[in-house]
Amino acid sequence: MFFTLASGAFAALALLQQIDTTVTAQPGQRLVVDSYGGEIAVKTWGRNAVRVEADPPSRTSVEISSSGGVVSVRSEGRRGPPATVDYTITVPAWMGLDLSGVYTDVKVAGVRAPITVETVQGEVDVAGGEGTISLRSVQGAVKLQDAKGRIDVHSVNEEVRVSNASGEITAETVNGDVVLEQVDATSLDATTVNGDLGYDGPIRNGGRYTLSTHNGDITLAATERTNATVMVSTFSGDFESDFPVPLRETRKGRRFSFNLGGGSAQVSLESFQGTIRLVRPGHVNQERDQEDRDHKGSDHDDDSAR
Amino acid sequence: MSDQWTDRLSEYLDDELPPDERVALEAHLRQCAGCGAVLADLKRIATRARGLEDRLPERDLWPGIAARIGLDTGERPVVDLDAVRVRRRVSFSLPQLIAAGIGLVALSGGTAWVLHPPARTVVAVREAPAAPVVTVANRSSVAGQRYASAVADLERVLDQGRGRLDTATVRVILRNLATIDSAIAQAQRALAADSANVYLNSHLAETRQRKLELLRQAAALVSSVS
Chain A
1 MFFTLASGAF
11 AALALLQQID
21 TTVTAQPGQR
31 LVVDSYGGEI
41 AVKTWGRNAV
51 RVEADPPSRT
61 SVEISSSGGV
71 VSVRSEGRRG
81 PPATVDYTIT
91 VPAWMGLDLS
101 GVYTDVKVAG
111 VRAPITVETV
121 QGEVDVAGGE
131 GTISLRSVQG
141 AVKLQDAKGR
151 IDVHSVNEEV
161 RVSNASGEIT
171 AETVNGDVVL
181 EQVDATSLDA
191 TTVNGDLGYD
201 GPIRNGGRYT
211 LSTHNGDITL
221 AATERTNATV
231 MVSTFSGDFE
241 SDFPVPLRET
251 RKGRRFSFNL
261 GGGSAQVSLE
271 SFQGTIRLVR
281 PGHVNQERDQ
291 EDRDHKGSDH
301 DDDSAR
Chain B
307 MSDQWTDRLS
317 EYLDDELPPD
327 ERVALEAHLR
337 QCAGCGAVLA
347 DLKRIATRAR
357 GLEDRLPERD
367 LWPGIAARIG
377 LDTGERPVVD
387 LDAVRVRRRV
397 SFSLPQLIAA
407 GIGLVALSGG
417 TAWVLHPPAR
427 TVVAVREAPA
437 APVVTVANRS
447 SVAGQRYASA
457 VADLERVLDQ
467 GRGRLDTATV
477 RVILRNLATI
487 DSAIAQAQRA
497 LAADSANVYL
507 NSHLAETRQR
517 KLELLRQAAA
527 LVSSVS
């Protein structure tokens, strides 16, 4: 019995390869990781070097190379597609990242450089990033925090969430919410088809902010002192505001606009059949939380009625 | 795959980049075949946009339009489209020209959508002076046909390649396409009752654009695993 267990464990160990490789990072180099499945976790340290740790199964090889402007890490199946590989990669904070995979979750923390992430079935969770930041997943949620620059976050079937970030922001999904909290956007384009949109952050003079959904609510933080021309468009939705606004027209199925303060920013709020709300800064999440409670309550009522 | 310069190509094409960024981008273009290909596409679309034929209306429509929107009905001549064309740039006015933009994108054909990033920056970067109203109906109709053609092309790519994708991914894509189709149908029903509604026209065009983008994304996935 003992012999059987021991030999089985030994065989399992033999099937895994221990990879712990460190290569020097030259200034300006980017890290490119191409993974089929598993997790890519990237963290930072104070050394100008890239450390790659992974335990791939024996039928999958991991190639690590450094040439020109790129440190490259990629997995390849010896026969057929590569197996799942979990990477822990440590990089200097200045190093740009280009991470891609299919069945791949991606986590990044502490990088102060451009970041590109593309995955199909996987969550994306990035803390950090400066410059051009592009995060995309088809089936996973996309989260970004502590970032600044030109930000493009995109999912198809899950929520997109950006917090504590600044810059030009594009946030899109089809079936999910778009949540932007503690965000200082100089321009914003946030869209979903079936989900809510929330923006809690300053409206900058001269900025352009577009929030558009078909089947969901929009909650925007603003005050009477916000300098913005606000255009509201809906077909069968409603409009509410925490403070009086000088509406010109309030009929359903119509557009109406109003000025707040000097009106220098352009704000466009469009929901085909949801409620568009202006709330005080800091209250965007309260509205969302209240709605979630209402939905759960009505679900519960429905269940009870069955 | 796009990089930090891809989204700036439209600005470059319109000569709107600051000099230092222009120099940097041109250096990048010398090394990046992908951006070079996208730029070539943008130039081709811009050229075709400039070459679109403006059809003169068979009769002056302005008096009827003015009456319907409550303005005075004083006689105005039909707009001189040749004069307009001289100052027209690549960009168009909202909302019908969003649809025209979709048509322009569709010009490249569904297969091109698989291979290159969307050209939406060309049609959405600025608000131009209002285009002549009299040309919109024809252009929207043509754009609608091109949209349908592009959708059909991409659906065919997805249908033929779906066996190469994970079944869960296919399900998610189809479910989200259905979500968008539902939104399109609702917008169309609303428009049927209120065809002059600017928001509904714009919303329908943008939702159709979303469908094209998702189809293109799906087709790109198929292409990437081929």
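If you're matching them up, the sequences are chains A and B in order.
Here the working numbering is used: the first residue of the first sequence is 1, the next is one more, and so on.
Here the working numbering is used: the first residue of the second sequence is 307, the next is one more, and so on.
Where a beta carbon is used, it is the ideal one built from N, C-alpha and C, also for glycine.
Quick caveat, the model's predicted, so the values are computed rather than measured.
Determine whether the beta carbon atoms of A/L97 and A/V111 lie at a separation below 8 Å. Position 97 of the first sequence, counted from the first residue, corresponds to residue 97 of chain A. Position 111 of the first sequence, counted from the first residue, corresponds to residue 111 of chain A. Yes.
A/G237, DSSP secondary structure in three states: Your numbering for residue 237 of chain A matches position 237 in the first sequence. Coil at A/G237, not helix or strand.
Would you mind telling me which residues of chain B sit closer than 8 Å to A/V120, beta carbon to beta carbon, in chain order? As a first step, residue 120 of chain A must be located in the first sequence, where it is residue number 120. Within chain B, the residues near A/V120 are D472, T475, L527.
What separation, rounded to the nearest whole angstrom, lies between the Cα atoms of A/R78 and A/S58? Taking the first residue of the first sequence as position 1, residue 78 of chain A is located at position 78. Taking the first residue of the first sequence as position 1, residue 58 of chain A is located at position 58. Their backbone Cα atoms lie some 9 Å apart in a straight line.
In angstroms with no decimal places, state the Cα-to-Cα distance between A/L180 and A/V108. In the first sequence, residue 180 of chain A corresponds to position 180, counting from 1. In the first sequence, residue 108 of chain A corresponds to position 108, counting from 1. Each residue's Cα considered, the two are about 19 Å apart.
Work out the CA separation of A/S155 and A/A12 for me, nearest whole Å. Walking along the first sequence from the start, residue 12 of chain A turns up at place 12. Walking along the first sequence from the start, residue 155 of chain A turns up at place 155. Because the pLDDT of A/A12 is 42, which lies under 50, any placement of that residue in the model is unreliable, and the question is left without a value.
Pull out every residue of the segment 245-274 of chain A whose Cβ sits closer than 9 Å to any Cβ of chain B, in chain order. G253, R254, R255, E270, F272, Q273
Where does A/I203 fall in DSSP's three states? Here residue 203 of chain A is taken as the residue at index 203 of the first sequence, counted from 1. DSSP places A/I203 in coil when its eight states are reduced to three.
Top-ranked residue by Cα proximity to A/V120, from A/T104, A/A113, A/T132: In the first sequence, counting from the first residue as 1, residue 120 of chain A sits at position 120. Closest option to A/V120, Cα to Cα, is A/T104.
Candidates A/V70, A/E76, A/V245: closest to A/V91 by CA position: Taking the first sequence and counting its residues from 1, one reaches residue 91 of chain A at position 91. It is A/V70.
Would you say B/E322 reaches chain A, if we count a Cβ-Cβ gap shorter than 8 Å as a contact? For this step, residue 322 of chain B is matched to residue 16 along the second sequence. Chain A contact via Cβ: absent.
Consult DSSP for B/G415 and reduce its assignment to one of helix, strand or coil. Numbered from 1 along the second sequence, position 109 holds the residue referred to as residue 415 of chain B. Model confidence at B/G415 stands at a pLDDT of 45, short of 50, so the residue's coordinates are unreliable; what they give is reported in the following sentence. It is helical.
Just tell me which of A/F235, A/E172, A/D242, A/K148 has its CA closest to the CA of A/D184. In the first sequence, the residue the question calls residue 184 of chain A occupies position 184. Considering only alpha carbons, the answer is A/K148.
Alpha carbon of B/S397 to alpha carbon of B/R516, nearest angstrom: As a working mapping, residue 397 of chain B is identified with position 91 in the second sequence. As a working mapping, residue 516 of chain B is identified with position 210 in the second sequence. With a pLDDT of 40 at B/S397, under the threshold of 50, the modelled position of that residue is not reliable, and the figure given next carries that caveat. So the two alpha carbons sit approximately 19 Å from each other.
Please tell me whether A/G282 and A/D217 are closer than 8 Å, where the distance is taken between their beta carbons. The residue given as residue 282 of chain A occupies position 282 in the first sequence. The residue given as residue 217 of chain A occupies position 217 in the first sequence. Not in contact: A/G282 and A/D217 (Cβ atoms no closer than 8 Å).
For the 8 Å Cβ check, are there 3 or more pairs between the segment 192-211 of chain A and the segment 236-249 of chain A? no
Local conformation of B/L471 per DSSP, three classes: The sequence position of residue 471 of chain B within the second sequence is 165, counting from 1. In this structure, B/L471 counts as coil in the three-state DSSP scheme.
Beta-carbon contacts of A/S233 that lie in its chain and below 6 Å, excluding the five residues immediately before and after: Residue numbering aside, residue 233 of chain A sits at position 233 when the first sequence is read from its first letter. For A/S233, where only same-chain residues beyond five positions count, the Cβ hits under 6 Å are R255, E270.
Could you pull the start and end residues of the beta strand (DSSP E) that A/T90 belongs to? Locating residue 90 of chain A in the first sequence gives position 90, where the first residue counts as 1. Looking at the DSSP string, the run of the beta strand (DSSP E) that includes A/T90 is 85-92.
According to the neighbour-count rule (16 or more other Cβ atoms, all chains shown, within 10 Å of its Cβ), is A/S65 buried or exposed? What you label residue 65 of chain A is simply residue 65 of the first sequence in a count that begins at 1. Per the 10 Å Cβ criterion, exposed.
From the DSSP output, in three-state form, read off A/R112 for me. Start at 1 with the first residue of the first sequence, and residue 112 of chain A comes out as number 112. If DSSP states are grouped into helix, strand and coil, A/R112 belongs with coil.
Quick one, are the C-beta atoms of A/L144 and A/V138 less than 8 Å apart? For the purposes of this step, residue 144 of chain A is taken as the residue at position 144 of the first sequence. For the purposes of this step, residue 138 of chain A is taken as the residue at position 138 of the first sequence. In this structure, A/V138 does not lie closer than 8 Å to A/L144 by Cβ.
Closest to A/Y87 by C-alpha separation, out of A/V62, A/N194, A/R47, would be which residue? Here residue 87 of chain A corresponds to residue number 87 of the first sequence, with the count starting at 1. It is A/V62 whose Cα lies nearest to the Cα of A/Y87.
Helix, strand or coil for A/A185 per DSSP? Here residue 185 of chain A refers to the residue found at position 185 of the first sequence. Reduced to three states, the DSSP call for A/A185 is strand.
Residue ranges of each alpha helix (DSSP H) run of no fewer than 4 residues wholly in the segment 102-154 of chain A, ordered along the chain? none
Please list, in chain order, the residues of the segment 166-187 of chain A that have any C-beta partner in chain B closer than 8 Å. V174, N175
With a threshold of 16 other CB atoms inside 10 Å of the CB of A/G38, please say whether the residue is buried or exposed. One-based indexing of the first sequence puts residue 38 of chain A at position 38. Counting Cβ neighbours within 10 Å, A/G38 comes out buried, since at least 16 surround it.
Near A/E172, which residues of its chain fall below 6 Å by C-beta distance, leaving aside the five closest residues on each side in sequence? As a first step, residue 172 of chain A must be located in the first sequence, where it is residue number 172. The residues are H154, T191.
How many Å lie between B/R470 and B/V528 at the Cα? For this step, residue 470 of chain B is matched to residue 164 along the second sequence. For this step, residue 528 of chain B is matched to residue 222 along the second sequence. So the alpha carbons of these two residues sit roughly 7 Å apart.
Using a Cβ-Cβ cut-off of less than 8 Å, give me the residues of the segment 118-144 of chain A that come near chain B, in sequence order. E118, V120, Q121, G131, T132, S134, V138, Q139
Buried or exposed (CB count within 10 angstroms, at least 16 for buried), A/S100: Translated into positions along the first sequence, residue 100 of chain A becomes position 100. A/S100 comes out buried.
Return the Cβ separation of A/A228 and A/G261 in integer angstroms, given the expectation that the two are a contact with Cβ distance under 8 Å. Looking up residue 228 of chain A in the first sequence gives position 228. Looking up residue 261 of chain A in the first sequence gives position 261. With 8 Å as the limit, A/A228 and A/G261 qualify as a contact, their Cβ atoms being about 7 Å apart.
Bounding residues of the beta strand (DSSP E) (the contiguous stretch that carries A/V23): As a first step, residue 23 of chain A must be located in the first sequence, where it is residue number 23. A/V23 -> beta strand (DSSP E) spans 19-24.
What distance in whole Å lies between the Cβ atoms of B/Q492 and A/F272, which are believed to be in contact at a cut-off of 8 Å? For the purposes of this step, residue 272 of chain A is taken as the residue at position 272 of the first sequence. For the purposes of this step, residue 492 of chain B is taken as the residue at position 186 of the second sequence. Confirmed, about 7 Å.
Taking only beta carbons into account, state which residues of the segment 216-250 of chain A come closer than 9 Å to chain B, listed in chain order. S233, T234, F235, S236
Near A/K146, which residues of its chain fall below 6 Å by C-beta distance, leaving aside the five closest residues on each side in sequence? Here the question's residue 146 of chain A lines up with position 146 in the first sequence. It should be pointed out that residue 146 of chain A corresponds to Asp in this sequence rather than to Lys. Excluding positions up to five away in sequence, the list reads A127, G128, N164.
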